[in-house]
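Here's the structure, in structure tokens; my notes come after.
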Amino acid sequence: MTATTDLAALHSRPVPPLGSFSGTLVKLELRRLLRNRRTVIFTVVMPVIFFLLFGLNKSYADQAVGRGNVAALIMISMAIYGAMIATTSVGASVSIERSQGWSRQLRLTPLNPLAYVAAKLIVALLAGAVAIIAVYAAGLVTHKAHMPVSAWIAAGLIGWVGSLTFAAFGLFMGYLLPSENVMQILGPVLALLAILGGLWFPLDDDSVMGMIAKFTPMYGLAGLAHQPLVAGAFHISWLVNVVTWLVVFAAGAAWRFRKDTARV
Amino acid sequence: MSSITPPSRPAPSAPAAGTAISLRGLSKSFGAVQAVRGIDLEIHPGEIVAFLGPNGAGKTSTIDMVLGLSSPTAGSVEVFGLPPHQAIARGLVSAVMQTGGLLKDLTVAETVEYTASLFAGSTDPAEALRRAGIDGIADRRVGKCSGGEQQRLRFAMALLPDPALLLLDEPTTGMDVEGRRAFWAAIRDDAEAGRTVLFATHYLEEADAYADRIVLVSQGRIVADGTSTQVRALASGTTVRASLADPDVDVLRRLPGVDSVEVRGDTVLLHSRNGDDVARYLLNHTAAHDLQITSQGLEEAFLALTGHEDDAGPVGAERTRTASAATAPTAERTSR
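Which chain is which? The protein sequence lines are A and B, in order. Residue numbers for the first sequence follow our numbering, beginning at 1 and rising by one. Residue numbers for the second sequence follow our numbering, beginning at 1001 and rising by one.
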């Protein structure tokens, strides 16, 4: 292990493939996430508890909704709520890395910043899947949520893929806010967005709040994810809502990201 | 090499191997603040160079540009003939920064594993931990490590790509004496293999003890560049201060051993290698009175050469002026 001074040998040293993206990177990022007790409680434990508290209420749980019952509707709501918190947390964790100087340290390695973002998105999707599976498991074990198997799968997949919007939201906020505790700010914001998205209780479409809610980031995803169960009229505005917010958050994240990694 | 400071390393290998670092007219401004003002510097493979200067001299700004963390306002940087980002991508250069750069929630071993996974041809992480002397705390969370342990972890991370050039930015800031000694022992053991090392420091003793070559920077410029012996030579000698009206400056300047003469009103200041002879001459052959003789230590030479602007007050001003007189004849540039 001698540091050679032969220029040709130095210049022929290899540059890592895929911008240094690897399974090790994803594995260690995932391990960090699971080690964070607060994140695990907010993404897995709390949505399950909310489902058990609100989803099993005898006075309405068995009321029919579309192809299933209210318990199933609330289960889907809590699953995507958990996925939203999970993906936002992963994205927002870049703020911790920035404040601890880790982002700067990574710039002294061959790691391509885009490979890093890719790893973050994969970890976010894995975390989102865990959050959804946890609530679904509670729904299965309690035998209260009823809907066709196809609706279970479709709602889960839609909620899961759609939660990427919030990974972008988390990244944007993580690059924008200097704080190490971004999630303390974002937690209440996400709760508010969930209310406006109709995840906690149905909103009156004709009220002022109901009108405003339609333009908030959770609204479209909630509509899309509930659709396999509700089986009502499909609103193209849901899709427009999700795509628009995804573009806004991704553009915001890219803008801040470029600023963060720029050589000033 | 003089007997005062024998750096126990072989002379740098032939310059045919190119330069490890080549800076040409390097400048960096932050708005109206000029942090680096035209630095020309060549560092050859195998050299251990101290980048010595007070806080705010432009050391960190220069190192950031060598690492590609920031771009020069003017001038150019090459690391082994490559732009910094290409040298980084090949793992040719790594750095130990002063603070930060660690994730508190990872263990020591995980941090090294993480970093190793990012390089194409990383060396064995366990070996890096051993060389940095922290293999015993591999399973400890980084957040629970002491400052010295964290610094040795940064060193272990820097070793992973087996870099040909290692940059250390104030590496022992905040360490106790023992930690500092252990850290430098690890660096020295490692440098035996012929790695080029550039370290920034404002500790004169550190530069003196561990570098083959000292580059003194002040206010964004190089003010002296030489072996530690040459820099020490700047520090030898004494300053004789006396009250003397209408001194014959030409005569004083020709006195044996006198480097510089400065007149301020009725006061004359003489910097020389032999203060006693100067004092004897002044008392026997002139009307000088109220003599003050002060010997200039390394610390004074350092302050003089680096001319602290923030060292406000008459003392600081005096040092600065003495410096400009003393620098010219003695600061031999050794850049090739």
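All residues carry an ideal CB built from backbone N, CA and C; glycine is no exception. Since the structure is predicted, the reported quantities are computational estimates derived from the model, not experimental observations.
* Identify every run of the alpha helix (DSSP H) within the region 1027 to 1080 of chain B, keeping only runs that are complete inside it and at least 4 residues long; order them along the chain. => 1059 to 1066
What residue range does the beta strand (DSSP E) around residue 1085 of chain B cover?
Residue 1085 of chain B -> not in any beta strand (DSSP E); alpha helix (DSSP H) instead, spanning 1084 to 1089.
| query | Can you give the Cα-Cα distance for residue 1093 of chain B and residue 1067 of chain B, rounded to whole angstroms? | reply | 8 Å
### Contact set between the region 16 to 35 of chain A and chain B, restricted to residues whose Cβ is under 7 Å from the partner
If the cut-off is 7 Å between Cβ atoms, the region 16 to 35 of chain A has 16, 20, 22, 24, 25, 28, 32 and 35 near chain B.
Notebook entry, point to check: How about residue 109 of chain A: is its C-beta nearer than 8 Å to some C-beta of chain B?
Noted result: yes
field: Interface positions of the region 1103 to 1131 of chain B facing chain A (Cβ-Cβ less than 7 Å), listed along the chain
entry: 1103, 1104, 1105, 1106, 1110, 1113, 1114, 1115, 1117, 1118, 1119, 1120, 1121 and 1123
- [ ] Could you work out which residues of chain B lie near residue 11 of chain A, taking near to mean beta carbons separated by less than 8 Å?
- [x] For residue 11 of chain A, the chain B residues whose Cβ falls inside 8 Å of its Cβ are 1080, 1081, 1082 and 1090, in order along the chain.
Output the distance between the C-alpha atoms of residue 160 of chain A and residue 73 of chain A, rounded to the nearest integer angstrom. 16 Å
Chain B contacts made by the region 170 to 185 of chain A, where a contact means CB separation under 7 Å: Look at the region 170 to 185 of chain A: it has no residue with a C-beta under 7 Å from a C-beta of chain B.
Assuming residue 105 of chain A and residue 1101 of chain B are in contact, meaning their beta carbons sit under 8 Å apart, how far apart are those beta carbons, in whole angstroms? 4 Å
Along the chain, where does the alpha helix (DSSP H) that runs through residue 237 of chain A open and close? Segment 236 to 261, the alpha helix (DSSP H) holding residue 237 of chain A.
Establish whether the CB of residue 1173 of chain B and some CB of chain A are separated by less than 8 Å.
no
Looking at the strands, I want to know which residues DSSP matches up with residue 1200 of chain B. B:1051 and B:1169
Check your understanding: Hey, is the region 14 to 24 of chain A in contact with the region 40 to 55 of chain A, meaning 3+ C-beta pairs nearer than 8 Å?
Key -> no
Local Cβ density within 10 Å of residue 1227 of chain B, reported as buried at 16 or more and exposed below that | buried
With the cut-off set at 8 Å, would you say residue 1142 of chain B and residue 1096 of chain B are in Cβ contact? no
(message) Can you find the residues in the same chain that come closer than 6 Å, C-beta to C-beta, to residue 71 of chain A, ignoring five residues on each side of it along the sequence?
(response) 55, 61, 144 and 145
For this session: From the DSSP output, in three-state form, read off residue 1217 of chain B for me.
Result: strand
task = Express the C-alpha separation of residue 1269 of chain B and residue 1309 of chain B in angstroms, rounding to a whole number.
result = Reliability fails at residue 1309 of chain B, whose pLDDT of 44 lies under 50, so the model's placement of it is uncertain and no value is given.
Whole-angstrom C-beta distance between residue 1156 of chain B and residue 1134 of chain B, which should lie under 8 Å:
6 Å
Notebook entry, point to check: DSSP state of residue 1015 of chain B, grouped into three classes?
Noted result: Because residue 1015 of chain B sits at a pLDDT of 40, beneath the cut-off of 50, its placement in the model cannot be relied upon, and the point is left open.
Q) Closest to residue 1259 of chain B by CA distance: which of B:1246, B:1267, B:1237 and B:1247 is it? A) B:1237
Original post:
If you measure from the beta carbon of residue 101 of chain A to each beta carbon in chain B, is any gap under 8 Å?
Top reply: yes
*How about residue 1073 of chain B: is its C-beta nearer than 8 Å to some C-beta of chain A?*
no
Could you tell me whether any Cβ in chain B is nearer than 8 Å to the Cβ of residue 113 of chain A?
no
message = Under 8 Å, Cβ to Cβ, is there at least one residue of chain A near residue 1029 of chain B?
response = no
Under 8 Å, do residue 81 of chain A and residue 194 of chain A count as touching if we go by C-beta distance? yes
How big is the Cα-Cα spacing for residue 1313 of chain B and residue 1222 of chain B? Residue placement at residue 1313 of chain B is poorly supported in this model, since its pLDDT is 33, which falls under 50; the coordinates are not used for a value here.
- Message: Quick check: residue 1037 of chain B and residue 1027 of chain B, are their CB atoms within less than 8 Å of each other?
- Response: Yes. Within cutoff.
* Asked: From residue 1167 of chain B to residue 224 of chain A, what distance separates their C-alpha atoms?
  -> Here the C-alpha atom of residue 1167 of chain B lies approximately 54 Å from the C-alpha atom of residue 224 of chain A.
(message) Can you check which of these residues, B:1272, B:1266 and B:1277, is closest to residue 1287 of chain B by C-alpha distance?
(response) B:1266
7 Å Cβ cut-off: residues of chain B touching residue 7 of chain A: 1017, 1018, 1080 and 1081
**Request:** Check the Cβ-Cβ distances between residue 1060 of chain B and every residue of chain A, and say whether any is below 8 Å.
**Result:** no
Does the region 1195 to 1209 of chain B come within contact of the region 1274 to 1290 of chain B, defined as at least 3 CB pairs closer than 8 Å? Contact between the region 1195 to 1209 of chain B and the region 1274 to 1290 of chain B is absent, because fewer than three Cβ pairs lie under 8 Å.
Pull up the DSSP beta-bridge partners for residue 1292 of chain B, would you.
-> B:1241
Discussion item. Using a Cβ distance threshold of 8 Å, determine whether the region 1043 to 1052 of chain B contacts the region 1193 to 1200 of chain B, with at least three qualifying pairs required.
Written reply: yes
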